[in-house]
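Student: Mind having a look at this structure? Questions to follow.
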Amino acid sequence: MINQILLGLSTGAMYSLVAIGLVMMYKVSGVMNFAYGNMGMFITYIIWWLSSSVGLNLYFSIILGIIMAAMMGVFVERFALRPIRHLSHASMLIVTFGILMILEGLAVEIWGTEYKSFPELVSGSPFVLKGNFGILVLRKQDILIFSVLAIISVAIALFTKFTKFGIAVRAVSENEEVSGYIGINVGNVLGFSWAFGVAMSALVGVIAAPKVFVSPTMLTFYQIQGFTAAVLGGFETFTGAVFGGLILGILEKIVGNYISEGFKASISLVIIILVLVFFPSGLFGRRIRRRA
Amino acid sequence: MNLIWIILALLPFLLIKNAFIITILSLVGIYALASLGLDLIMGYSGQISIGHAAFMGIGAYVSTLLTINYNIPIVFGIILGGIIAFLFGILIGFPALRLSGFYLAIATMGFVVAVEQFFSYFENVTGGHAGIRNIPFPYIWNSDIEKYLLVLGFLYIMYVITTRLINSKTGRAWMGIRENEIASSVMGVNVAWYKVLAFAIGSMFAGIAGALYAHVIGYIAPSDFGIAKSLDLLAISVIGGMASIEGPFLGALIYVAIPFLFSRTNFPLSIIFGIILIFVVLFMPLGISFYVNKFRLKYLNGILAYFKRSRRPYGTYVKTNSGNIHYVKRGNGSIRVVLVHGNFASARFFEPLMEKIPHAEFTVYALDLPNFGFSGELGGDVSIDKYASALQDFVDALSIDKFILLGHSLGGAVAMGYAVRNPNKLRKLVLVDPAPVYGMPSYDESAYKIIDVYRKNPDMIKRALMMNAPTYDNEEFFDRITADALRMAKKAFIGNAKALSSYNYTSQVANLEIPVVVVYGDKDVILDYESMKKTADSFKNAKLVVLKGIGHSPVVEAQDKIIEILQEKDERF
Numbered sequence: 001m002i003n004q005i006l007l008g009l010s011t012g013a014m015y016s017l018v019a020i021g022l023v024m025m026y027k028v029s030g031v032m033n034f035a036y037g038n039m040g041m042f043i044t045y046i047i048w049w050l051s052s053s054v055g056l057n058l059y060f061s062i063i064l065g066i067i068m069a070a071m072m073g074v075f076v077e078r079f080a081l082r083p084i085r086h087l088s089h090a091s092m093l094i095v096t097f098g099i100l101m102i103l104e105g106l107a108v109e110i111w112g113t114e115y116k117s118f119p120e121l122v123s124g125s126p127f128v129l130k131g132n133f134g135i136l137v138l139r140k141q142d143i144l145i146f147s148v149l150a151i152i153s154v155a156i157a158l159f160t161k162f163t164k165f166g167i168a169v170r171a172v173s174e175n176e177e178v179s180g181y182i183g184i185n186v187g188n189v190l191g192f193s194w195a196f197g198v199a200m201s202a203l204v205g206v207i208a209a210p211k212v213f214v215s216p217t218m219l220t221f222y223q224i225q226g227f228t229a230a231v232l233g234g235f236e237t238f239t240g241a242v243f244g245g246l247i248l249g250i251l252e253k254i255v256g257n258y259i260s261e262g263f264k265a266s267i268s269l270v271i272i273i274l275v276l277v278f279f280p281s282g283l284f285g286r287r288i289r290r291r292a
Numbered sequence: 293m294n295l296i297w298i299i300l301a302l303l304p305f306l307l308i309k310n311a312f313i314i315t316i317l318s319l320v321g322i323y324a325l326a327s328l329g330l331d332l333i334m335g336y337s338g339q340i341s342i343g344h345a346a347f348m349g350i351g352a353y354v355s356t357l358l359t360i361n362y363n364i365p366i367v368f369g370i371i372l373g374g375i376i377a378f379l380f381g382i383l384i385g386f387p388a389l390r391l392s393g394f395y396l397a398i399a400t401m402g403f404v405v406a407v408e409q410f411f412s413y414f415e416n417v418t419g420g421h422a423g424i425r426n427i428p429f430p431y432i433w434n435s436d437i438e439k440y441l442l443v444l445g446f447l448y449i450m451y452v453i454t455t456r457l458i459n460s461k462t463g464r465a466w467m468g469i470r471e472n473e474i475a476s477s478v479m480g481v482n483v484a485w486y487k488v489l490a491f492a493i494g495s496m497f498a499g500i501a502g503a504l505y506a507h508v509i510g511y512i513a514p515s516d517f518g519i520a521k522s523l524d525l526l527a528i529s530v531i532g533g534m535a536s537i538e539g540p541f542l543g544a545l546i547y548v549a550i551p552f553l554f555s556r557t558n559f560p561l562s563i564i565f566g567i568i569l570i571f572v573v574l575f576m577p578l579g580i581s582f583y584v585n586k587f588r589l590k591y592l593n594g595i596l597a598y599f600k601r602s603r604r605p606y607g608t609y610v611k612t613n614s615g616n617i618h619y620v621k622r623g624n625g626s627i628r629v630v631l632v633h634g635n636f637a638s639a640r641f642f643e644p645l646m647e648k649i650p651h652a653e654f655t656v657y658a659l660d661l662p663n664f665g666f667s668g669e670l671g672g673d674v675s676i677d678k679y680a681s682a683l684q685d686f687v688d689a690l691s692i693d694k695f696i697l698l699g700h701s702l703g704g705a706v707a708m709g710y711a712v713r714n715p716n717k718l719r720k721l722v723l724v725d726p727a728p729v730y731g732m733p734s735y736d737e738s739a740y741k742i743i744d745v746y747r748k749n750p751d752m753i754k755r756a757l758m759m760n761a762p763t764y765d766n767e768e769f770f771d772r773i774t775a776d777a778l779r780m781a782k783k784a785f786i787g788n789a790k791a792l793s794s795y796n797y798t799s800q801v802a803n804l805e806i807p808v809v810v811v812y813g814d815k816d817v818i819l820d821y822e823s824m825k826k827t828a829d830s831f832k833n834a835k836l837v838v839l840k841g842i843g844h845s846p847v848v849e850a851q852d853k854i855i856e857i858l859q860e861k862d863e864r865f
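In the order they appear, the protein sequences are chains Z and L. According to our numbering, numbering within the first sequence proceeds without interruption in unit steps and concludes at 292. According to our numbering, numbering within the second sequence proceeds without interruption in unit steps and concludes at 865.
Next comes the structure, spelled out in structure tokens:
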């Protein structure tokens with residue numbers, strides 16, 4: 001049982017990483033990025049291509065890929081979304097759908113639909129802890145995921161609390177217009193949020209790739225679960241995203257074990273609907289009254 | 293519009309050799325139907341759904357399983373598929389009430405993934421991932437044509453339902469909610485009810501489309517109704533144009549046609565659709581149908597207008613100093629009445645009244661003012677004074693004396709202009725919803741440009757005329773008036789509107805001795821009670837008659853009342 005929970009926590013940590021990226025983009029720019037998974041997918045393909053076909057060092061290509069992801073985020077935000085910020089959020093959503101379709105088509109066109117294997121970032125035999133609680137198996141991959149999540153969570157917390165730009169990010173997420181009046185470069189903050197978000201999706205892609213293989217739809221499921229995690233956490237806070245992801249991971253593992261693997265996506269739908277009906281602002285969100 | 297449907301129904305018989313094209317057309321119809329439903333949800337009620345294909349899937353599986361396992365006739369299977377999808381729409385519509393924007397998008401996205409998993413999971417019923425093959429379609433004569441006609445029939449019914457819905461209270465409630473939820477709930481719209489209703493009806497459309505898809509293609513699999521298809525439907529709606537009836541049709545046509553343009557290359561379609569989607573949102577956010585409509589309003593309807601204008605004069609001509617004037621005369625009684633019509637009207641406007649008026653008592657003349665109907669065109673700028681002198685010429689040419697002058701709307705202003713010049717010729721002046729004595733307010737130049745659009749759009753003229761006579765229900769009559777209105781001089785469309793805001797008879801009518809009756813229908817959408825009151829007060833000897841529940845055109849709406857006023861002996865008020 002405790003191993004099941006640990007496994008659940010490790011998938012949950014992935015969902016948390018997905019959710020953090022989504023929440024960053026949503027909090028600041030107000031756009032739900034539906035192309036998130038496919039952006040990560042595309043960058044993962046590039047990293048795979050750099051390391052396997054071009055022959056670069058794997059870690060170097062990962063860094064290169066994440067930089068590219070950040071550039072892609074800035075580019076998309078600047079040229080596809082900012083021109084229609086004044087229109088409506090729905091139209092920005094639709095643009096992200098367009099990007100989703102284009103990236104998927106490009107991936108299929110360039111690399112085909114067959115699955116590509118991706119090297120493990122860390123390998124080796126798992127740590128086995130024995131104690132009065134039973135046997136605890138801790139895989140090295142899990143440790144990687146947990147540490148990445150921990151580093152990023154702490155980094156975000158420090159960044160948004162103590163750096164000037166981090167405070168600007170929070171200010172823009174509260175009120176874009178007023179932030180502009182007090183001298184914050186709103187455009188830079190928007191660009192940053194998308195750079196960060198897409199970089200996160202690339203990171204998720206790289207970490208998930210050894211397990212799910214590189215394919216055009218590799219991150220679709222992670223994206224949906226990331227949405228669920230973010231909804232669970234309330235979409236407004238990073239804490240919510242982290243814990244929402246972990247809770248979802250455990251829940252999913254339990255459902256998979258005791259009911260059926262086939263209902264993993266259905267369970268997330270049920271969770272989304274229940275949470276939204278009973279806790280419209282998520283488990284960790286605060287209720288905000290707004291003018292329409 | 294009906295003509296287009298008839299052409300569509302006959303089309304497959306011309307293409308009888310090309311079964312392939314008929315199937316393609318059926319597919320266009322199916323996608324148009326599904327995205328018509330999406331249009332109701334997204335375009336009209338302002339919700340968002342990325343799970344639309346899931347409802348298609350529900351309809352498809354329900355109908356297929358029912359027809360295969362229980363031998364239910366296909367039409368009932370399709371209808372049942374629609375009903376089940378409707379019920380699921382209600383089920384999803386309720387949580388949707390709590391959600392807005394992207395939350396709803398996520399929930400519907402979750403729904404489509406869940407439904408796809410569900411269909412794959414129950415292998416012994418649904419055939420799992422492999423789906424169901426060889427769905428039977430019992431046909432009598434030619435399966436492709438019958439499939440096409442089945443699709444077209446459902447599409448037509450749904451199209452009619454949609455147009456009825458969106459032009460009704462329901463549609464206005466949807467659009468109100470779309471624009472501002474709080475404001476519309478303040479106005480008394482039951483937001484929850486209408487949102488769920490939109491979702492359920494939209495889902496039903498998708499369910500029917502899905503069922504048709506199953507029977508037309510003959511093969512379904514869970515992956516046919518996944519998130520990719522949902523996004524395609526979204527693309528169809530956006531590309532075609534949200535909140536428009538034609539949008540889904542154009543979008544579906546493009547969606548089905550583009551693969552053929554690129555069939556020789558191996559270019560993936562999703563890239564093309566993605567690019568088109570982004571391009572449309574960035575550069576033509578109103579969709580293709582907006583531009584098509586604009587083109588139609590500006591040019592295509594002009595052809596229609598040319599064919600619709602009336603050609604045969606139905607009265608007699610009289611030569612006057614203001615050119616030939618076309619008029620109608622009825623009755624041979626002792627009371628002479630001259631009827632002057634309003635803007636976008638003609639002598640024909642008085643036809644019902646002239647039939648009804650006692651012919652033994654009255655002699656009635658109704659004329660087409662110059663620039664209108666079959667009368668000639670006046671040179672120079674349009675002005676009310678010019679119309680008044682043309683009326684004078686007409687009266688002199690026929691040497692009518694001691695008559696009652698009745699003017700309606702613009703004709704009311706003309707009648708006032710005539711009365712101040714020739715008070716001695718008149719027994720009485722009856723102004724029926726006249727333009728106010730001090731003129732209409734003037735508008736911005738851009739507003740006048742809109743009026744010019746009428747020139748090429750008979751349908752708009754007809755609707756405007758009908759709106760101004762809300763209680764008179766005789767479409768054929770309005771068709772004839774519209775045909776006459778299309779004969780108006782080119783410059784008169786804007787000219788009349790400008791002329792109506794550039795006169796003022798207030799000081800001149802103050803000395804008129806003749807009795808004046810101002811008739812006002814209180815459902816008038818052009819004039820208000822205040823201006824009618826002021827008009828009546830500026831005459832020395834006038835009374836104001838307010839007709840309850842009558843619109844701008846009492847001459848057709850309340851003929852008895854008008855005849856009564858004409859008959860009134862008491863000429864001092």
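Each residue gets a CB set at the ideal place from its N, CA and C atoms; glycine is no exception.
(1) What does L/Pro577 reach in chain Z if we use C-beta pairs closer than 7 Å?
(2) Give the straight-line distance between the Cα atoms of L/Tyr740 and L/Lys461, rounded to the nearest whole angstrom.
(3) Can you check DSSP and say which residues form a bridge with L/Phe695?
(4) So L/Glu643 and L/Ile627 are supposed to be a Cβ contact under 8 Å. How far apart are they, rounded?
(5) With contact counted as at least three CB pairs below 8 Å, one residue from each stretch, are the stretch 296 to 305 of chain L and the stretch 516 to 528 of chain L in contact?
(6) Who are the near neighbours of Z/Val189 in its chain, counting only those whose CB is closer than 7 Å to its CB and skipping five residues on each side?
(7) What would DSSP say about L/His618, mapped onto helix, strand or coil?
(8) Closer than 6 Å: is that where the CB of Z/Ile47 sits relative to any heavy atom of the ligand NAD?
(9) Beta-carbon of Z/Phe278 versus every beta-carbon of chain C: anything under 7 Å?
(10) Taking 7 Å as the CB-CB limit, is Z/Ala292 close to chain L?
(11) Which residues does DSSP list as the beta-bridge partners of L/Val812?
(12) Measuring only between beta-carbons, confirm whether L/Gly349 sits less than 7 Å from chain Z.
(13) Using a C-beta to C-beta distance shorter than 7 Å, which residues of chain L count as neighbours of Z/Met72?
(14) Can you tell me whether Z/Ile135 is helix, strand or coil according to DSSP?
(15) Which class does L/Val610 belong to by DSSP, given the choice of helix, strand or coil?
(16) Could you tell me whether any Cβ in chain Z is nearer than 7 Å to the Cβ of L/Ala399?
(17) Given a limit of 7 Å on CB to CB distance, which residues of the stretch 236 to 252 of chain Z reach chain L?
(18) Quick one: which residues of the stretch 9 to 38 of chain Z get their C-beta closer than 7 Å to a C-beta of chain L? List them in chain order.
(19) Can you tell me where the alpha helix (DSSP H) with L/Ala711 in it begins and where it stops?
(20) Would you say Z/Leu149 and Z/Gly40 are within 7 Å of each other, going by their C-beta atoms?
(21) Under DSSP, the alpha helix (DSSP H) around L/Phe575 begins and ends at which residues?
(22) Does DSSP put L/Thr866 in a helix, a strand or coil?
(23) For the alpha helix (DSSP H) containing Z/Lys151, list its first residue and its last residue.
(24) Would the stretch 55 to 65 of chain Z and the stretch 222 to 232 of chain Z be scored as touching if the rule is three or more Cβ pairs under 8 Å?
(25) Are Z/Ile43 and Z/Gly73 close, meaning C-beta to C-beta below 7 Å?
(26) For L/Phe582, report the span of its alpha helix (DSSP H) as first-last.
(27) So Z/Ile84 contacts chain L; which residues on that side make the cut at Cβ distance below 7 Å?
(28) What in chain Z is Cβ-close to L/Gln684, meaning under 7 Å?
(29) Measure the alpha-carbon distance for L/Leu659 versus L/Leu332 and round it to whole angstroms.
(30) Whole angstroms is fine: what's the gap from L/Met732's alpha carbon to Z/Phe165's?
(31) Residue ranges of each alpha helix (DSSP H) run of no fewer than 4 residues wholly in the stretch 728 to 816 of chain L, ordered along the chain?
(32) Mapping DSSP to helix, strand and coil, what is L/Ile449?
(33) May I ask you to list the residues that DSSP assigns as paired with L/Leu723?
(34) I need the straight-line Cα distance from Z/Val76 to L/Ile314, nearest angstrom please.
(35) Strictly below 9 Å CB to CB, what residues from chain L border Z/Glu104?
(36) Using 7 Å as the threshold, is the C-beta distance between L/Pro846 and L/Val724 below it?
Tutor: Judging by the given coordinates:
(1) Taking the second sequence and counting its residues from 1, one reaches residue 577 of chain L at position 285. Simply Leu87, Ser91.
(2) Against the second sequence, residue 740 of chain L aligns to sequence position 448. Against the second sequence, residue 461 of chain L aligns to sequence position 169. Using only the alpha carbons, I get a separation of about 30 Å.
(3) Here the question's residue 695 of chain L lines up with position 403 in the second sequence. DSSP output for L/Phe695 lists L/Arg628, L/Leu718 as bridge partner(s).
(4) Your numbering for residue 643 of chain L matches position 351 in the second sequence. Your numbering for residue 627 of chain L matches position 335 in the second sequence. About 19 Å separates the two Cβ atoms, so there is no contact after all.
(5) no
(6) Start at 1 with the first residue of the first sequence, and residue 189 of chain Z comes out as number 189. If we look at Z/Val189 and ignore the five residues flanking it on each side, its Cβ neighbours are Val28, Ala168, Val169, Val172.
(7) The count along the second sequence starts at 1 and reaches residue 618 of chain L at position 326. Residue state, collapsed to three classes: strand.
(8) This structure simply doesn't include the ligand NAD, nor any ligand for that matter.
(9) Any reference to chain C falls outside this structure, whose protein chains are Z and L.
(10) As a position in the first sequence, residue 292 of chain Z is number 292, starting the count at 1. Because the pLDDT at Z/Ala292 is just 44, under 50, the model does not fix this residue reliably, and the value given afterwards should be weighed accordingly. Yes, Z/Ala292 counts as interfacial toward chain L.
(11) Walking along the second sequence from the start, residue 812 of chain L turns up at place 520. Sequence inspection shows Tyr at residue 812 of chain L; the Val mentioned does not correspond to that position. DSSP lists L/Val838 as partners of L/Tyr812.
(12) Walking along the second sequence from the start, residue 349 of chain L turns up at place 57. No, no contact with chain Z.
(13) Position 72 of the first sequence, counted from the first residue, corresponds to residue 72 of chain Z. The premise fails here: Z/Met72 is roughly 15 Å from chain L at the closest Cβ pair, so nothing lies under 7 Å.
(14) By 1-based counting over the first sequence, the position of residue 135 of chain Z is 135. Three-state result, Z/Ile135: strand.
(15) Position 318 of the second sequence, counted from the first residue, corresponds to residue 610 of chain L. In the structure shown, L/Val610 sits in a strand (DSSP, three-state: E or B).
(16) Taking the first residue of the second sequence as position 1, residue 399 of chain L is located at position 107. L/Ala399 counts as touching chain Z.
(17) none
(18) Met32
(19) Position 419 of the second sequence, counting from 1, holds the residue named residue 711 of chain L. It spans 702 to 713 - the alpha helix (DSSP H) in which L/Ala711 sits, taken as one unbroken run.
(20) Position 149 of the first sequence, counted from the start, is the residue given in the question as residue 149 of chain Z. Position 40 of the first sequence, counted from the start, is the residue given in the question as residue 40 of chain Z. Their beta carbons are not under 7 Å apart, which means Z/Leu149 does not touch Z/Gly40 by this criterion.
(21) Your numbering for residue 575 of chain L matches position 283 in the second sequence. Per DSSP, L/Phe575 belongs to the alpha helix (DSSP H) from 561 to 575.
(22) This structure cannot speak to residue 866 of chain L, because chain L is shown only from 293 to 865.
(23) Along the first sequence, read from residue 1 onward, the residue named residue 151 of chain Z stands at position 151. According to the sequence shown, residue 151 of chain Z is Ile rather than Lys. Where Z/Ile151 is concerned, the enclosing alpha helix (DSSP H) stretches over 140 to 162.
(24) no
(25) As a position in the first sequence, residue 43 of chain Z is number 43, starting the count at 1. As a position in the first sequence, residue 73 of chain Z is number 73, starting the count at 1. No, the pair does not count as a contact, with Cβ atoms beyond the cut-off.
(26) Taking the second sequence and counting its residues from 1, the one referred to as residue 582 of chain L is at position 290. Looking at the DSSP string, the run of the alpha helix (DSSP H) that includes L/Phe582 is 580 to 587.
(27) Residue mapping note: residue 84 of chain Z aligns to position 84 of the first sequence, counting from 1. The answer, in chain order, is Val573, Leu574.
(28) For the purposes of this step, residue 684 of chain L is taken as the residue at position 392 of the second sequence. Neighbours of L/Gln684 on chain Z: none; closest Cβ ~57 Å, over 7 Å.
(29) Residue 659 of chain L sits at position 367 when you count from the first residue of the second sequence. Residue 332 of chain L sits at position 40 when you count from the first residue of the second sequence. Those two C-alpha atoms are separated by around 47 Å.
(30) Stepping through the second sequence from its first residue, residue 732 of chain L is reached at position 440. Stepping through the first sequence from its first residue, residue 165 of chain Z is reached at position 165. Answer to the nearest angstrom: the Cα atoms are 59 Å apart.
(31) 737 to 745, 750 to 759, 767 to 777, 784 to 792, 798 to 801
(32) What you label residue 449 of chain L is simply residue 157 of the second sequence in a count that begins at 1. L/Ile449: helix per DSSP, three-state reduction.
(33) The count along the second sequence starts at 1 and reaches residue 723 of chain L at position 431. According to DSSP, which records beta bridges pairwise, L/Leu723 is partnered with L/Gly699, L/Val810.
(34) In the first sequence, counting from the first residue as 1, residue 76 of chain Z sits at position 76. In the second sequence, counting from the first residue as 1, residue 314 of chain L sits at position 22. Rounded to the nearest angstrom, the two C-alpha atoms are 41 Å apart.
(35) By 1-based counting over the first sequence, the position of residue 104 of chain Z is 104. Ordered by position in chain L, the residues that pass the 9 Å Cβ test against Z/Glu104 are Ala520, Pro560, Ser562, Ile563, Gly566.
(36) Here residue 846 of chain L refers to the residue found at position 554 when the second sequence is read from its first residue. Here residue 724 of chain L refers to the residue found at position 432 when the second sequence is read from its first residue. A contact, by the Cβ cut-off of 7 Å.
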